[in-house]
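Asks: Please find one structure pasted underneath; my questions will follow.
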Amino acid sequence: MGSGVIFLRLETVYKLCNNGPLRAFDAYSPSITRGFGFAALSSNALAAVGLFFQIPVSFAFSWVSDRYNRRGETVIGGLSMHLVGYIFNRIFKEMHLRGPRYFGVVWTQIFGAFSSGLNIAWVSLACTDSGERALAMAMIIMAANIAGIYGAHILRADDAPRHRRGFGIDIAIIAFPVALASFRYIDDLRHRRRNSGQLTFEYSSDDIK
């Protein structure tokens with residue numbers, strides 16, 4: 001089985017896990033912010049702050065990924081920060097201070113989405129031909145749509161306003177793609193080192209001849 005096929009399957013599971021909690025949080029972020037004591041109009045505006053900060057952070061991660069070929073590291077880093085965001089929300093929601101609670105919302109919005117794009121680029125480069133790449137994009141879109149369906153049921157009104165159960169589910173779901181991305185990265189390093197060793201052996205054999 002080719003590495004592209006393996007990465008494709010992992011990417012499908014990754015997309016299913018990453019996008020579900022993200023879609024739920026995007027839908028509920030205005031009401032979560034309103035629960036901190038902000039007015040309705042102010043909470044809608046404040047719920048978009050993290051999305052604007054996401055632009056320069058996403059650009060920085062993408063630049064490092066492409067410039068230094070650190071695709072695995074940037075995917076794992078971005079996804080880990082996404083996981084930390086839900087941990088922040090789970091912890092800070094127990095506080096009465098509005099600042100830390102709002103910080104958790106902004107942090108989650110900043111790191112929630114862009115690691116998915118980095119991962120798509122990573123799996124696209126692992127595909128061996130255009131047919132495999134086209135199949136990968138189709139499966140990614142399908143997984144994203146399915147994630148949106150189940151993600152709408154993670155944060156529920158009966159769990160408001162602290163959403164203890166919802167954020168606990170988010171943490172468990174996001175931890176899985178973090179483990180998958182780490183496995184992919186370690187497997188990628190192993191293949192690179194093995195291929196590097198084969199090239200060194202071939203060059204040494206040519207020198208002997």
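Using the working numbering, the letters of the sequence shown correspond one by one to residues 1 to 209. A virtual CB, placed ideally from N, CA and C, is assigned to each residue, including glycine.
Do three or more CB pairs link the region 141-155 to the region 5-25 at distances below 8 Å?
Replies: In short, these stretches touch, since the Cβ pair count reaches three.
Asks: State yes or no: is the beta carbon of G85 nearer than 8 Å to at least one beta carbon in chain D?
Replies: Checking the listed chains, one finds no chain D in this structure; it contains a single protein chain.
Asks: Could you give the DSSP three-state label for A160: helix, strand or coil?
Replies: Counting from 1 along the sequence shown, the entry for residue 160 is found at position 160. Note: A160 maps to coil in three-state DSSP.
Asks: Does DSSP put N19 in a helix, a strand or coil?
Replies: For the purposes of this step, residue 19 is identified with residue 19 of the sequence shown, where counting begins at 1. Note: N19 maps to helix in three-state DSSP.
Asks: So for R70, helix, strand or coil by DSSP?
Replies: In the sequence shown, the residue the question calls residue 70 occupies position 70. Coil at R70, not helix or strand.
Asks: In its own chain, which residues sit with a C-beta less than 8 Å from the C-beta of V178, not counting the 5 before and 5 after it?
Replies: Within the sequence shown, residue 178 is the residue found at index 178, counting from 1. The residues are I76, L79, S80 and L83.
Asks: Look up A39 in the DSSP assignment and say whether it is helix, strand or coil.
Replies: Stepping through the sequence shown from its first residue, residue 39 is reached at position 39. If DSSP states are grouped into helix, strand and coil, A39 belongs with coil.
Asks: Going by C-alpha to C-alpha distance, which of N195, D188, H163 and L180 sits closest to S31?
Replies: Here residue 31 refers to the residue found at position 31 when the sequence shown is read from its first residue. Per the Cα distances, H163.
Asks: Which complete alpha helix (DSSP H) runs does the region 67-125 hold, if anything under 4 residues is left out?
Replies: Here the runs fully enclosed are 71-92 and 98-111.
Asks: Classify I262 as buried or exposed, calling it buried when 16 or more other Cβ atoms lie within 10 Å of its own Cβ.
Replies: This structure cannot speak to residue 262, because the chain is shown only from 1 to 209.
Asks: From the DSSP output, in three-state form, read off H153 for me.
Replies: What you label residue 153 is simply residue 153 of the sequence shown in a count that begins at 1. Coil, per DSSP.
Asks: What does a CB cutoff of less than 7 Å around R98 pick up in its chain, not counting 5 residues either side in sequence?
Replies: The residue given as residue 98 occupies position 98 in the sequence shown. F36 and G37.
Asks: Kindly list the residues whose CB is nearer than 7 Å to the CB of A147, restricted to its own chain and excluding five residues on each side of it in sequence; keep chain order.
Replies: Start at 1 with the first residue of the sequence shown, and residue 147 comes out as number 147. K15, L16, N19, G20 and R23, listed in sequence order.
Asks: Can you list, in chain order, the residues of its chain whose CB lies under 6 Å from that of R71, leaving out five sequence neighbours each side?
Replies: Your numbering for residue 71 matches position 71 in the sequence shown. Excluding positions up to five away in sequence, the list reads S65 and W122.
Asks: In whole angstroms, give me the CA-to-CA distance for S42 and N69.
Replies: Numbered from 1 along the sequence shown, position 42 holds the residue referred to as residue 42. Numbered from 1 along the sequence shown, position 69 holds the residue referred to as residue 69. Straight-line Cα distance between these residues: approximately 41 Å.
Asks: So is S196 buried or exposed if we call it buried at 16+ other beta carbons inside 10 Å?
Replies: Counting from 1 along the sequence shown, the entry for residue 196 is found at position 196. Exposed, because fewer than 16 other Cβ atoms sit within 10 Å of the Cβ of S196.
Asks: Looking only at C-alpha atoms, which of R193, F59, F114 and S29 sits nearest to A47?
Replies: Along the sequence shown, one-based indexing puts residue 47 at 47. Taking only the C-alpha atoms, the option nearest A47 is S29.
Asks: Assign A48 to one of three DSSP states: helix, strand, or coil.
Replies: For this step, residue 48 is matched to residue 48 along the sequence shown. Coil at A48, not helix or strand.
Asks: Quick one: using the 10 Å Cβ neighbour count with 16 as the cut-off for buried, is I169 buried or exposed?
Replies: As a working mapping, residue 169 is identified with position 169 in the sequence shown. I169 is buried by the Cβ-count criterion.
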